[in-house]
Amino acid sequence: MAETAPAPAPAPAKAKAPKKKAAAKKNVGPSLQKLITGEIAASKERKGVSVAALKKALAAKGVDVTKANKRINTALKKLVTSGAVSQTKGTGASGSFKLAKTEPQESTCEKSRPQESQEVKSHLTPATQRLF
Numbered sequence: 001m002a003e004t005a006p007a008p009a010p011a012p013a014k015a016k017a018p019k020k021k022a023a024a025k026k027n028v029g030p031s032l033q034k035l036i037t038g039e040i041a042a043s044k045e046r047k048g049v050s051v052a053a054l055k056k057a058l059a060a061k062g063v064d065v066t067k068a069n070k071r072i073n074t075a076l077k078k079l080v081t082s083g084a085v086s087q088t089k090g091t092g093a094s095g096s097f098k099l100a101k102t103e104p105q106e107s108t109c110e111k112s113r114p115q116e117s118q119e120v121k122s123h124l125t126p127a128t129q130r131l132f
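In case it helps, full-length UniProt numbering puts the sequence shown at residues 1 to 132.
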């Protein structure tokens, strides 16, 4: 029998380095809520801005409305519940929206002063009260 050379051992498989996933690029602009409030503030409509007009304006600013549709709707709902935006028509994320009016806060300092002056006058005699 003829001797045959043993088959060479298969070369060890090279271990593949794990592929690094590309880091997702974060949107560098302002958040959707800021964009929405900015568009509503810039609108001159008396009755507010409709959702369709709002989405057109956002698309003009470079927002991909088809991908961000759900995020736009939830941002509108959050703005309404937080009180930053009021909804003039419709329910949920449909209808028209405008900025909520801020009410001025009353100062409490003026209310406490008259009470102090009444206490001072109460312990005076009737003759001295006429002087004040």
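Cβ coordinates follow ideal geometry from the N, Cα and C atoms, glycine included.
Per DSSP, residue 85 is not a residue of any alpha helix (DSSP H); the beta strand (DSSP E) it occupies stretches across 85–89. In the displayed model, residue 80 falls within a helix according to three-state DSSP. By the Cβ neighbour-count rule, residue 48 is buried, with 16 or more other Cβ atoms within 10 Å of its own. DSSP places residue 99 within a strand segment (E or B) once states are collapsed to three. Proximity to residue 53 across 71, 96 and 30 peaks at 96, based on C-alpha coordinates. For the options 79, 44 and 36, the alpha carbon positioned closest to that of residue 59 is the one of 36. Shown here, residue 63 sits in coil according to DSSP, grouped into three states, outside any helix or strand.
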